[in-house]
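Worksheet for the structure shown next.
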Amino acid sequence: MSYKYLFGPVLSRRLGVSLGVDMVPHKYCTMNCIYCEVGKTTNLLKERDEYIPVQGIITELKDYLSNNPEPDYITFSGAGEPTLNSGIGEVVRFIKDNFTREKIALITNASLLSDPQLRSEIVDIDLIMPSLDAVSDDVYNLINRPCTGISIDDIIEGLISFRKESESQMWLEVFIISGVNDNEDELSLLKKAISKINPDRVQLNSLDRPGTESSVNKVTLEELERIAAKLDTNKVDIISRTAKSIKNVDKKINSETSDEDQALIETRIIATVSRRPCTAEELALILNCRSERIQKVIAKMEKNGVLSSAEKERGRFYRKAK
Ligand code: SF4
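Quick note, our numbering runs 195 ahead of the 1-based positions in the sequence shown.
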């Protein structure tokens, strides 16, 4: 069956193999963030509704999960704010009742968490990844450009309440924009709010690719490290691609060759194709690697009997050899 609401699975830096679920159409959101990589919000609203029919999502999930290797996470995300879908609780229930081993992640801007009804619908998810980019009204309005009636105080209160009510992991993401929320005052406010919310992890991010507004400036790794130290070194991860660890991985993967590089690429290919057969082009995309480089590695792995392949309508698919 072809899927309209599911996407991936993709190999995510934070979630491993993640099967995405679109809960709202492009681009229904409660915010119109200046850094949004999805594009400008065309439907800025806060009313919840079944913007995508829940039965359609459930039918696709049932088909996918019954016929494919299990992903590390089923992730509610997509092109807007997933909690706007009033049927999200029904989808959570369906997964928890029928596919007990699957883990659920939710990527959210947290704008609707002040609603106790929503909190009760998602209380059983395994991981929530909410955003909090600012605490002062001015900076919050400048960065997130929310729908009327969504206050930053309510967002913080919602996060605190959810943290108390749910046992799910919480990784709070803070998107840093140079010259906007990286000043001492805003960082102090963020530090206080984070301490009240008490997430498991705080993840600092910054611009990786073109966002909605061209004026949004990237933050250097040194700056992110300074901010991490200011917030709380024990809990903060730098997840922007400017981070050394990630930069090194990408550099390794794209460099010509050494035994270590080769092993790294092979491990990541195996991790991907043992869950789902992929074409060379898909692997290049998922692994963020040059296509010619992937082709060379795949050819060698196939010759050595590590991979097998089959020609299909969409191209040659590779899988882990039995
Ligand atoms: S909340 Fe997320 S989807 Fe909505 S505008 Fe901001 S970054 Fe984009």
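Positions of the beta carbon are idealized from the N, C-alpha and C atoms, including for glycine.
Values in this document were obtained by computation on a predicted structure and should not be read as measured data.
Taking DSSP's pairing of strands, which residues face residue i in a bridge?
| i | result |
| --- | --- |
| residue 427 | Its beta-bridge partners do not exist; DSSP assigns none. |
| residue 223 | 238, 275 |
| residue 365 | 323 |
| residue 432 | 398 |
| residue 351 | None; residue 351 has no bridge partner. |
| residue 270 | 215, 300 |
| residue 244 | 280 |
| residue 206 | 212 |
| residue 370 | 400 |
| residue 313 | Beta-bridge pairing links residue 313 to no other residue. |
| residue 201 | 216 |
I'd like to confirm something about residue i: is its beta-carbon nearer than 7 angstroms to some heavy atom of ligand 1, or not?
| i | result |
| --- | --- |
| residue 228 | yes |
| residue 304 | yes |
| residue 224 | yes |
| residue 275 | yes |
| residue 254 | no |
| residue 278 | no |
| residue 231 | yes |
| residue 236 | yes |
Expressed to the nearest angstrom, what Euclidean distance is found between the alpha-carbon atoms of residue i and residue j?
| i | j | result |
| --- | --- | --- |
| residue 259 | residue 472 | 14 angstroms |
| residue 431 | residue 388 | 14 angstroms |
| residue 283 | residue 494 | 43 angstroms |
| residue 433 | residue 224 | 26 angstroms |
| residue 302 | residue 341 | 17 angstroms |
| residue 204 | residue 461 | 19 angstroms |
| residue 289 | residue 248 | 14 angstroms |
| residue 371 | residue 419 | 8 angstroms |
| residue 383 | residue 426 | 8 angstroms |
| residue 500 | residue 514 | 11 angstroms |
| residue 276 | residue 338 | 16 angstroms |
| residue 445 | residue 312 | Confidence at residue 445 is low in this model, with a pLDDT of 39, below 50, so the placement of that residue should be treated as unreliable; the coordinate-derived value is given next. So the alpha carbons of these two residues sit roughly 42 angstroms apart. |
| residue 299 | residue 322 | 6 angstroms |
| residue 464 | residue 215 | 20 angstroms |
| residue 468 | residue 212 | 11 angstroms |
| residue 227 | residue 308 | 18 angstroms |
| residue 297 | residue 243 | 26 angstroms |
| residue 318 | residue 397 | 20 angstroms |
| residue 274 | residue 264 | 25 angstroms |
| residue 210 | residue 487 | 27 angstroms |
| residue 442 | residue 422 | Caution is warranted here: a pLDDT of 34 is assigned to residue 442, below 50, making its placement in the model unreliable, and the coordinate value is therefore given only provisionally. About 19 angstroms. |
| residue 294 | residue 352 | 32 angstroms |
| residue 522 | residue 314 | The displayed coordinates of the chain run from 196 to 517. Any statement about residue 522 would go beyond what the structure contains. |
| residue 457 | residue 496 | 10 angstroms |
| residue 512 | residue 333 | 51 angstroms |
| residue 377 | residue 221 | 30 angstroms |
| residue 367 | residue 506 | 43 angstroms |
| residue 348 | residue 256 | 36 angstroms |
| residue 238 | residue 394 | 30 angstroms |
| residue 306 | residue 272 | 14 angstroms |
| residue 357 | residue 363 | 9 angstroms |
| residue 519 | residue 196 | Outside the shown range of the chain (196 to 517) lies residue 519, about which nothing can therefore be said. |
| residue 324 | residue 429 | 18 angstroms |
| residue 278 | residue 335 | 20 angstroms |
| residue 266 | residue 202 | 12 angstroms |
| residue 484 | residue 516 | 22 angstroms |
| residue 365 | residue 402 | 22 angstroms |
| residue 504 | residue 492 | 14 angstroms |
| residue 416 | residue 261 | 43 angstroms |
Assuming residue i contacts residue j under a Cβ cut-off of 8 angstroms, what Cβ separation, rounded to an integer in Å, is found between them?
| i | j | result |
| --- | --- | --- |
| residue 281 | residue 304 | In fact, because the Cβ distance is near 17 angstroms, the residues do not count as touching under 8 angstroms. |
| residue 375 | residue 399 | Residue 375 to residue 399, Cβ: 14 angstroms. No contact. |
| residue 167 | residue 287 | It is not possible to answer for residue 167, since the shown part of the chain is limited to 196 through 517. |
| residue 252 | residue 200 | 5 angstroms |
| residue 502 | residue 489 | Rounded, the Cβ-Cβ distance is 12 angstroms, inconsistent with contact. |
| residue 206 | residue 392 | Not a contact, Cβ separation roughly 29 angstroms. |
| residue 198 | residue 219 | Not confirmed; about 16 angstroms, so no contact. |
| residue 241 | residue 345 | 6 angstroms |
| residue 230 | residue 414 | At roughly 11 angstroms, the Cβ-Cβ gap does not stay under 8 angstroms, so residue 230 and residue 414 are not in contact. |
| residue 329 | residue 381 | 6 angstroms |
Starting from the N-terminal side, write out each stretch of the alpha helix (DSSP H) that is 4 residues or longer and does not extend beyond the region 462–514.
Complete alpha helix (DSSP H) runs here, min 4: 475–481, 486–498.
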